[in-house]
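Below: one structure, written as structure tokens.
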Amino acid sequence: MKGWLLALVQTGLLAFGAPFLAGWVKWIKCRLQSRQGPPPWQPYRDLLRLFGKEVVVAEAASPIFRIAPYVVFSVTALACSVVPMVAIGLPTAAIADVIVLVGFFALGRFFLALAGMDVGTSFGGMGSSREMTIASLAEPAMLLGVFTLAMTVRSTNLASMIGYLIEQPFQLYPSFVFAAMGLVLVAVAETGRIPVDNPATHLELTMVHEAMILEFSGRHLALMEWGAMLKLMIYSVLLCNLFLPWGVAVDFAPLSLLIGLGAITLKLLLLGTALAVAETGLAKMRLFRVPQYLGLAFILCLLGMLSHVILEVN
Amino acid sequence: MIALYLTLLIPLAATLIFALIGHWKHAGSLNLLVCAATFATSLSCAVDVFNNGALMSPGKLFYVDAFNVYLVLVNALVGLTTAIFSRPYMAHEVEIGRVDDARMRLYHSMYQGFLLTMLVALTTNNLGLLWVAVEGATLATVLLVSLYRTPESIEAGWKYFILCGVGIAQALFGTVLVYFAAERVLPGAEDALLWSVLKDHAAELEPTVLTLAFVFLLVGYGTKIGLVPLHNWLPDAHSEGPTPMSAILSGLLLNIALYAVVRYKMLIEPALGNHLPGYLMIGFGMLSFTVAGILLHRQKDIKRMFSYSSIEHMGLMTLAFGIGGPLATFGGLLHMIVHSLTKSAIFVTVGHAAHVAGTQSIDKIRGLIRTQPSIGWSFLLGVVAIAGFPPFGVFTSEFLLFSATIKGWPLLVIPLLIGLAVAFAGLFRHLQPMVFGEPPAGQVPVKANMLPVLLHLLVVLWLGVAIPDVLSRWLDQATIMVVGRGLL
Amino acid sequence: MPLSLAFTAVGAALLSGLLPLVRPGSNAAARLIAFPLLGISGIFGMIAGGMALGNTQSDSIVLPVGLPWLHSHLQLDPLAGFFLAVVSLVTLVAAIYGPAYVREYEQGPQPLLPLTLFTGLFVAGMQLVLLAADAFSFMIAWELMSVTSYFLVAYQHQHEVNRRAAFIYLLMAQVGGLFILLGYGVLSGFGHGFDFAHMAAATLSPGWSSVAFLLAFVGFGMKAGVVPLHVWLPQAHPVAPSHISALMSGVMLKVAVYGFIRFSYDLLGGIHWQWGALVLFVGSASAILGVLYALMQHDLKRLLAYHSVENIGIIYMGLGLSMIFAGTGHQALAALGLIAALYHCLNHALFKSLLFFGAGVVLQQSHEHDLEKMGGLIRRLPVTATCFLVGCISISALPPFNGFVSEWLTFQTALQGPVLENNILGALIPVAAAVLALTGALAAACFVKVFGICFLGLPRSEKSAAATETTPGPLAGQIVLAVLCLLFGVLPTWTVGQLEHIARLFFPGGMPETTAHGWLWLTPVSSQVASYGAPLVLLGIGLAWVLAWLWMHPRRRRFPVRRAPAWDCGFGPLNARMQYTATAFTMPIRRIFRPVWPITESYRAPTAEEQGGRYQLKIGDWAWLKVYEPIGRLLLTTARRMAMIQGGNIRAYLAYSFFTLIVLLLVVSL
Amino acid sequence: MTLTQLPLAEQFVLTLAALILFTSFLLLAQSRIVSLIHTFAWQGALLFIATCLMALTSGRHHLFISAFMTLALKVFFIPWQLRRLVVRLDIRREVETVGNASLVMIGGGALVLFSYYVVLPIRELSFLATRNTIAISLAVILIGMLMIITRRKAVAQVIGFMSMENGLFFAAVVATYGMPMVVELGVAFDVLVAAILFGIFFFQLRSGIGSLDVDHLNRLHEVDR
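Residue numbers (the numbering used here), protein chains in the order written: chain P, 1 to 314; chain D, 1001 to 1488; chain S, 2001 to 2670; chain H, 3001 to 3225.
Structure, rendered in structure tokens:
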């Protein structure tokens, strides 16, 4: 019972922490570009404002268009409940392993893309096409990276993966280095950040995610945006806890939970900063460079796999 | 015994009657009646054989055992059904003026003459008489091939005549050699050519002579079987003669020739002690099978196409007997039946189809199913059957042949497989546009009697689903005769 | 008991084919007699299959037909039972769907009779294949299945393309049948008997058993449609009536899989891991190539056909993994792989027939084959669209629908690669898993395209703008399947529990504790390694949805949704031609995987007399261009050469026989 | 045993065999149709004499019957009928072009050697004094085939065919004192019918093809021209 409660709390934390992370990244970026920039909590205001606005739906839109935001949001929210953020061993973690998690994102993306095509504008179609293309390249790379870890820890359950890594005395797996690099690249692509996509632009030549949600407004848009933030949050948490698992609470003692909370916050802030730095330094690349980029990610994950088989299996 | 004599006498009488009286309105019906009578007598003869074993005429001239009794039945049956088909068909030919009464007279008398020679060839106990009968079959049919007197038909007739004549002559030399070998074992005996005598002394016969003899016999009778490269007369004769002729030619004549070869194989292989005849037959069978299958793709004339398919199947049977062993032999014997039934059925439908379209050229015949469903569907089904699809009997025999081949000659399987696929493709690429699709203008239904086709296909179907006990026992005895051991 | 039920099913199917022959003239009679009987056959088959799947010992019988020394053996064991149930289920749905659907053909030039006749025989043939327990009966039933389906493909034979498709289909079926026959020939040669009991008892040398395996692999693969033996599929499926396509693609391919499993697991036994590697490789190739080719198709049913290739590939991947593990002695994992494959068989049968049914309705109502001419159909055919969406989600392997479960199980099997001593294999298997992931993602992309282009957006042609929803019958059929897709996605534990009966047949050694943790949890290896609580996933999604909805609810009353024209960037109102087309949608993928397809592209710029440029795109199939066409050409040239021996000169002919004689005489007197 | 030890009659038979072989060489070489027919008749006559001799020496009197059948058929009927046809079809003058006569001759010689080589084993076996003649008869048969192959005129082909029959008959006679009676009759009947049919065919050919040149029979073939 306590476990389920904790799980609910953690999910809430994740869900409501996500906008802050997004805001934090944006703020740091502005700082780096020596601009004033909106405060980190600006996203909360945006979301609230959007929830308050009325919804305008295109005449051509079908029910798909209206259920899509709910599907996207609820699937992502469910994903939140699966990810061990503060503590492992939560009952919800067993609902789905990492493959299912990928499945969740795929489901969300499926409806997102459909919604993009629903109205019948060329932008929507363009966005969906690009999104599905990128995703279809990113997914195998990601799974390969995850498999690399899974082979070491002999599990695809996030909780037990992290648990295994914590219990082990610290040791450096060469495969993890590759997998980490690969997964970072994938995560950037999946969350639609520079250099793959630019969440801050509406220029039709470059936009992917924005192109699909172009027709959304009001609460629908809010749900979509929130979903995107959640996704960023989840990926960040995953990267942090998988590759720097220290501090994650293994039992439900208040102290360890507190430590876990602190640790993850710290990690996330650092990661956000790093992301901001990277986004400032890099430029958005052409769409048809993306395959090479993801190909690199795939190669890295493959190398990780092979180095695991060759170097680590005795 | 009486039944056997009747089986031979009725066609003989009929031949003379038709020859003397000449053509009149009901000649076709009489032809049909005679065939029916022949079938009935052959049936009772078969019953006789079934009840008290092999049948030997007092003069030792005729001998009916398990091997030829069912062939006699098939002969009479196909003769009967073809007569059923030939009545309206030839009537139509007379209507459109392709043949006159004189030729109808020739046609009917020779039709019976042909059946007579077939039956004699099957039932005779005397290998010399066997030769005489087979040669007689050629002579009986040669004028029918050129019945229409078109340049093509005359050419076909001439080729048929010369090639088969020359070939058969070699068979006679083979027979002489066998007789020569036999004489040394039983000197001065008049019955040294009697099968029933020879098969008991097979082991004592002189191998070297018999080897030569078999070569001559194979080349001789092989010409009639239509083995490549001796086959060239066959497509011409089939395509140019009247369709009932083609039906019994490829339904019966080829079978008889093969029957002769197998008889000699039964005689010679034990004497030789080696498997030489088998090897030769395998070689010829494989060659004919492959070549015919490939040539199917080039056909423009519908009857010619099916004559090639006949060559292919004769090759298959020759291969089966060549491979030997109970499985293959049983398959070969069964294939003799199903092939002659199916192929004659196909020729019947082909004849009607040619009447429907008014031509024999494949690319003029279109959309038969739409024009006349009965013809179209039975044509389609017939080809499906001959292509070896279950539940038709052809599949059963090919199944046996295949399983025997992969046991005995695994490498032969590869060309066999390719050949079957090629032949199948060759048949269907031509068949589909003929039966399917939109019919061209001016293609009108004709008066057709589909009973023969239905009958044949039903029998073939039956043989495919379950071989009746009688037949399987006969086939098994024949198998024992050929290769020494059976399956049951 | 199950067997007699199965016989009833077969009998009903046969009757549904043959009974209409008594009233050849009337279409209505054919329709009214055939389909109910087909439904009855389906019901009985399902019951029989279910019972057989349940009980451990198989019951068998020997009928006095067939060869005199080999009467036909029939038996029904869990494996056959499972497939029988699948076949009959789809048959039943087809019987619900069919009657209204075939009404369209009654106006056509062909009578309905051949359709109903061969459908009945076709179903009976499939059921008999599953029941057959000796090579002869198996081959008879198998070929019956092939031939009847050939007639069904050729049903609308007035179109040349249909005849061509039928021809290629039958040709390949024939060749495949011969391969299978040879496989049985090898087994019977060593087992001294044609019935499965003897064959299973046969002990083969590794060489011969590999030969037999390869023969069977090619033979059944030819029917199942693995690359590169798949070329008949995309030709035959589009031209057959849709409920037949559903039966062929949804079920007949599974019968081929059944044959393959029966042959290699049951009869052959003693599996070598090298076979598994081969199967895995071919499966992966089929999966990825199938989906890539599907992406490029515009003809809806052709696209679905290529997806059948993909899904068969996935099934074969599962089988391959299972064989690898079996060959290396990891029985539990082998069982897991087999279960995954079987599960995917079931799923594919469900969602592929659902999709074909949907496609049938779309084609019939919009009279369009080409995706580029559809659009906005969701507003004209809401129910069909919903069911089709379910099908799309399932085939794209998205949770919580059924397609996902089986692919997840396959993943889990693949992830156990490291247990193998052979490291390279252990590394390659996860790569295969990555290929599977790529396949899944591409499939999702493809079905976003299909659904988006076909059902969403604005209608691209008058006909599709005028489409109307179909009658209850077809709708009911689709709804049933859609519900089943969800059920089998949400209750995997029960299903897997059933499938374990089959795995136990071949791997008595060990069972994975897949279902050890109660109905809620699917844990392939152990709860530590991986777990999937499908019901909870559904629950969670629902919960989050409700929460979001409640959160929205008050606002919804304050601000009702306002409809407005879509944003058109300020120039002109949007029209249908501005939308992304299917071609445009897949352009990035086409550009990334360029060498995969033989593409001929041509663009003509707008000219003075002609407004608007003209862009043409043709996508071929390498397998066809590089394998099959050369063979055909070779054959024809050989024929032309060979024809030379028949030049028409009689003296030449005589010379042949003369020299034949001389040569033979020389040979024998040497 | 050598030739000198044989009784005179058998020496005579051997001589006849040699003559028969010679006649078939003549047939091979002969270019005028009429003289072809005559040569064929002579061959038949030689065959008749040989048969009679065998009958006398062996005392198998049924051989006389076949001998007289030979006389009737091969010496009188067939040549007479052929000649009649030739006259009626008015091809008496026609000169048969034998493709490279000398080569054909050499071929014939080779065939003789070949047939001798082939029947060696039989030769070892036969207890008849006239065993060597089997080789001769086989040679006659093969030369007959060679003739059919090399001749373009239908009539010439028929004669070649008939001379093959002669060879067969000769073989039967000298190797085994002839076949059983029933077979002999059957064979004779077949030959008779064949001869008649040939007659019919000449007219059909003439009316249908317009000539008796078999090289004009090339309508039915598989090659695309």
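Ideal Cβ positions, reconstructed from N, Cα and C, are used throughout, including at glycine.
A quick note: this is a predicted structure, and the numbers were derived from the prediction, not measured.
*Pick from Q2611(S), H2073(S) and F2082(S): whose alpha carbon is nearest that of T2056(S)?*
F2082(S)
*Rounded Cβ spacing between A2030(S) and P2002(S) (contact assumed at less than 8 Å)*: Actually they do not touch by this definition, with Cβ atoms about 31 Å apart.
*Give the straight-line distance between the Cα atoms of I2061(S) and E1152(D), rounded to the nearest whole angstrom.*
58 Å
*Simplified DSSP state of R2640(S), which is helix, strand or coil*: helix
_Assigned exposure category for R2594(S) - 16 Cβ within 10 Å defines buried_ = exposed
*So, using beta-carbon positions, are A1140(D) and L2171(S) closer together than 8 Å?*
no
*What three-state label does DSSP hand H1355(D) in the structure shown?*
helix
*Give, in chain order, every unbroken run of the beta strand (DSSP E) that is at least 3 residues long and sits entirely within the stretch 1299-1378 of chain D.*
none
*Just the chain H side, please: which residues come within less than 9 Å of R2651(S) by C-beta, in chain order?*
I3148, I3149, T3150, R3151, R3152, Q3157, V3214 and D3215
*Would you identify the three-state DSSP class for V56(P), choosing helix, strand or coil?*
strand
_Within the continuous alpha helix (DSSP H) that includes Y2653(S), where are the two ends?_
I2650 to S2669
*asked:* If you follow the beta strand (DSSP E) that D2059(S) is in, where does it begin and where does it stop?
replied: D2059 to L2067
*Is L2666(S) buried or exposed, if buried means 16 or more other CB atoms sit within 10 Å of its CB?*
exposed
*Range of the contiguous beta strand (DSSP E) that encloses S236(P)*: No beta strand (DSSP E) holds S236(P); the alpha helix (DSSP H) holding it covers G218 to F243.
*Contacting residues, own chain, Cβ-Cβ under 8 Å from V2186(S) (five flanking each side not counted)*: L2204, W2208, V2211, A2212 and L2215
*How is Q1112(D) classed by DSSP in three states: helix, strand or coil?*
helix
*Alpha carbon to alpha carbon, how far is V1460(D) from S1472(D)? Give it in angstroms, no decimals.*
14 Å
*Hey, how far is the Cα of M3001(H) from the Cα of N3132(H)?*
With a pLDDT of 48 at M3001(H), under the threshold of 50, the predicted position of this residue should be treated as unreliable, and no value is reported.
*Would you say P1229(D) and T2660(S) are within 8 Å of each other, going by their C-beta atoms?*
yes
_Proximity to S74(P) [Cα-Cα], best of A228(P), S256(P) and R286(P)_ = A228(P)
*For H2073(S), name the three-state secondary structure that DSSP assigns.*
strand
*asked:* Assuming contact is defined by CB atoms lying nearer than 8 Å, are S2353(S) and G2313(S) in contact in what I supplied?
replied: no
*Would you please verify whether the beta carbon of L2636(S) is less than 8 Å from any beta carbon of chain H?*
no
*Given a limit of 8 Å on CB to CB distance, which residues of the stretch 2055-2068 of chain S reach chain D?*
P2064, V2065, G2066, L2067 and P2068
_For A79(P): DSSP bridge partner residues_ = DSSP, once it has assigned bridges, lists no residue as partnering A79(P).
*asked:* Let me make sure I understand the geometry here. Which of Q2297(S), G2360(S), W2551(S) and T2468(S) has the alpha-carbon closest to that of V2699(S)?
replied: Nothing about residue 2699(S) can be reported from this structure: the residues present for chain S run from 2001 to 2670 only.
*Quick one: what does DSSP say M3001(H) is sitting in, helix, strand or coil?*
Because M3001(H) carries a pLDDT of 48, less than 50, the predicted location of this residue cannot be relied on, and no value is offered for it.
*Proximal chain P residues relative to R2591(S), where beta-carbon distance stays under 7 Å*: F288
*CA-to-CA distance, I2592(S) to E2629(S), given in whole angstroms*: 27 Å
_the stretch 1070-1104 of chain D: positions lying closer than 7 Å to chain S by Cβ_ = none
*Counting only runs of 4+ residues fully inside the stretch 1018-1079 of chain D, write out the alpha helix (DSSP H) ranges in chain order.*
1027-1052
*Whole angstroms is fine: what's the gap from D1476(D)'s alpha carbon to V1094(D)'s?*
45 Å
*Please check the pair F2190(S) and A2200(S), which I expect to be a contact at CB under 8 Å, by giving their CB distance rounded to whole angstroms.*
With 8 Å as the limit, F2190(S) and A2200(S) do not qualify as a contact, their Cβ atoms being about 11 Å apart.
*Quick one, which of M3162(H), Q3030(H), A3017(H) and V3223(H) has its alpha-carbon nearest F3077(H)'s?*
M3162(H)
*Return the residue from the list Y2306(S), F2217(S), L2131(S) and A2173(S) that minimises the CA-CA distance to V2147(S).*
A2173(S)
*Run the CB neighbour count on D1363(D), radius 10 Å, all protein chains shown included, and call it buried at 16 or more, exposed below.*
exposed
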